[in-house]
Amino acid sequence: MTIAIILGTRPEIIKMAPAIRECQRRGLDYSIIHTGQHYSYQMDRIFFEQLELPQPDHNLDVGSGNHGEQTGRILADLEAVLMAERPDVVLVQGDTNTVMAGALAASKLQIKVGHVEAGLRSYDRSMPEEINRVVADHVSDYCFAPTEISKANLLKEGIAEEKIHVTGNTIVDSVYQNLEIAMRKVNILADLGLEPKGYFLVTSHRQENVDNKERLGEIIRGLGMVKSEFGLPMVFPVHPRTRKMVESFGFELDGIRAIEPLGFLEFLQLEAGARLALTDSGGVQEETCILGVPCVTLRDNTERPETLDVGANVLAGADALRMVDRAKRIMLQGNEWENPFGDGKAGKCIIEHLTAGWR
Ligand code: UD1
Ligand code: UDP
């Protein structure tokens with residue numbers, strides 16, 4: 005069987021890495037198709053280098069653009085590559101425009117589609133990612149759900165049970181595989197002059213937060229308030245979308261250590277050492293939960309309710325007072341919760357399932 009692995013953004017590279025490694029380990033016939041949705045060195049190449057992934061066989065170089073433009077370009081260009089390659093199965097991961105376009109292009113060509121991280125739902129259609137998830141799940145032949153909650157979401161939408169396989173989330177594989185490497189290879193706390201458990205980590209890039217002047221302004225105000233309440237340094241590796249919007253709205257990140265986006269090894273180490281994370285990232289909600297670091301999510305909902313259920317995460321929306329209150333509350337709680345995202349063998353489980361079906 006031949007597998008085409010489609011990816012395009014930072015989190016897809018990180019979360020697809022365990023499946024790629026498993027294809028390599030088994031000597032499978034696979035190819036990597038990069039859409040080029042992310043392209044800056046710090047959002048793309050650095051992850052191939054740090055995770056020692058093979059170079060993509062194709063790069064569509066679609067770049068940035070409005071949703072229709074970007075999705076349309078990926079669809080058209082992928083169709084051409086898939087028609088030429090004719091893989092038996094296409095794998096996509098997550099909820100980006102790359103994922104929706106990849107799943108759609110393959111399914112229209114009658115190529116089987118496997119969706120890694122299927123069944124996540126925020127039930128908030130104002131998020132572009134929610135639309136991408138729903139479309140990808142409904143055209144997929146294999147829905148690799150990370151948890152029983154995500155499986156139940158798919159069943160509720162009428163997706164046949166035989167298409168759904170609970171595998172755990174490949175982010176656990178990535179964290180386990182790279183944390184120790186990070187501890188050996190990088191020393192970001194010393195580089196930034198930070199003490200373990202003596203700083204807060206911030207990320208924010210959700211379109212509905214950072215493209216909205218009021219919400220972004222309120223988040224920045226809240227960060228300032230959290231910082232003065234606890235008197236700890238705050239480190240913020242800034243996503244390029246966010247940097248662009250902070251500049252265009254004329255905001256200042258006063259008192260916050262705003263730095264360039266980090267490589268995965270540096271970021272993982274920074275997460276593991278943080279006292280608390282404040283974020284609107286999906287992956288950061290998961291990783292902090294896995295690493296035993298409390299998290300305040302700068303959103304009104306989450307498609308990762310497992311993190312709330314175990315007590316690792318709380319929602320604060322884009323509301324400065326709630327950010328301070330939630331930070332106080334979650335830091336008073338212990339951090340002895342169990343990781344709800346599996347045992348770190350999701351990549352293996354996914355590839356095992358795909359190949360077993362082919363025998
Ligand atoms: C995308 C995904 C989002 C995911 C995020 C991961 C969609 C709809 N959104 O959001 O779900 O959480 O990736 O980080 O698919 N830019 C650069 N360099 C890059 C990439 C982007 O400078 O390598 C800048 C450009 O100004 C671009 C903006 O960031 O316009 C947004 O990029 P885009 O890929 O459209 O969305 P993300 O916010 O990255
Ligand atoms: N990440 C990283 N460097 C950074 C910020 C994040 O390597 O400066 C990693 C992080 O460890 C996680 C992933 O990027 O694995 C999350 O990506 P992002 O927040 O961009 O997207 P989301 O998960 O929200 O889709």
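Numbering (the working numbering), first residue to last: 5 to 363.
Each residue gets a CB set at the ideal place from its N, CA and C atoms; glycine is no exception.
>> For a minimum of 4 consecutive residues, which ranges assigned as the alpha helix (DSSP H) are wholly contained in the region 37 to 118?
In response: For the region 37 to 118, whole alpha helix (DSSP H) runs of length 4 or above, ordered along the chain, are 49 to 54, 71 to 89, 101 to 112.
>> Just to confirm before moving on: does the CB-CB distance between N70 and T100 stay below 8 Å?
In response: Contact flag unset, no.
> E121 and G98 look like a contact to me (Cβ under 8 Å); what is the Cβ gap, rounded to whole Å?
Replying inline: Confirmed, about 5 Å.
> Tell me the DSSP bridge mates of P241?
Replying inline: Looking at the DSSP output, P241 shares a beta bridge with I263.
>> Quick check: the Cα distance between P91 and T246, rounded to an integer number of angstroms?
In response: Our two residues, P91 and T246, have alpha carbons roughly 37 Å apart in a direct line.
> Which residues mark the beginning and the end of the beta strand (DSSP E) in which H169 is found?
Replying inline: Membership of H169 in the beta strand (DSSP E) is indicated by the continuous run 168 to 170.
>> Is L272 near the ligand UDP - that is, is its Cβ less than 7 Å away from at least one heavy atom of it?
In response: Because some heavy atom of the ligand UDP lies under 7 Å away, the Cβ of L272 counts as near it: yes.
>> Measuring only the C-alpha atoms, how far is D128 from V138?
In response: Approximately 11 Å between the Cα atoms of the pair.
>> Measuring straight from C-alpha to C-alpha, what distance separates G67 and T13?
In response: If I take the Cα positions, the gap works out to 10 Å.
> DSSP beta-bridge partners for D33?
Replying inline: In the DSSP output, where bridge partners are listed per residue, D33 has T6.
> Straight-line CA distance for Q54 to G267?
Replying inline: If you draw a straight line from the Cα of Q54 to the Cα of G267, it comes to about 8 Å.
> Below 8 Å, can you find three or more Cβ-Cβ pairs linking the region 197 to 211 to the region 170 to 186?
Replying inline: Too few Cβ pairs lie closer than 8 Å, so no.
> Taking three-plus beta-carbon pairs below 8 Å as touching, is the region 182 to 189 in contact with the region 261 to 276?
Replying inline: Yes, the region 182 to 189 touches the region 261 to 276.
>> Let's test the definition: count the other Cβ atoms within 10 Å of the Cβ of N213 and tell me whether it reaches 16, buried, or not, exposed.
In response: It counts as buried.
> Is the Cβ-Cβ distance between L257 and L282 less than 8 Å?
Replying inline: No.
>> Does N191 come out as helix, strand or coil in the three-state DSSP assignment?
In response: N191: coil per DSSP, three-state reduction.
> Where do the ends of the alpha helix (DSSP H) carrying A324 lie?
Replying inline: 324 to 336 is the span of the alpha helix (DSSP H), which, as asked, contains A324.
> Identify the residues that DSSP records as bridge partners of C147: which are they?
Replying inline: In the DSSP output, where bridge partners are listed per residue, C147 has H119, I168.
>> Determine whether the beta carbon atoms of I9 and A23 lie at a separation below 8 Å.
In response: A contact, by the Cβ cut-off of 8 Å.
> Leaving out five residues before and five after V190 in sequence, what residues of the same chain have Cβ atoms less than 7 Å from its Cβ?
Replying inline: Correct list, in chain order: L269, E270, Q273.
> Under a criterion of Cβ closer than 5 Å to any non-hydrogen atom of the ligand UDP, which residues qualify, in chain order?
Replying inline: So the residues near the ligand UDP by this Cβ test are R14, P15, I18, P241, P265, L266, F268, F271, S285, G286, G287.
> Helix or strand or just coil, what does DSSP make of V300?
Replying inline: Strand at V300.
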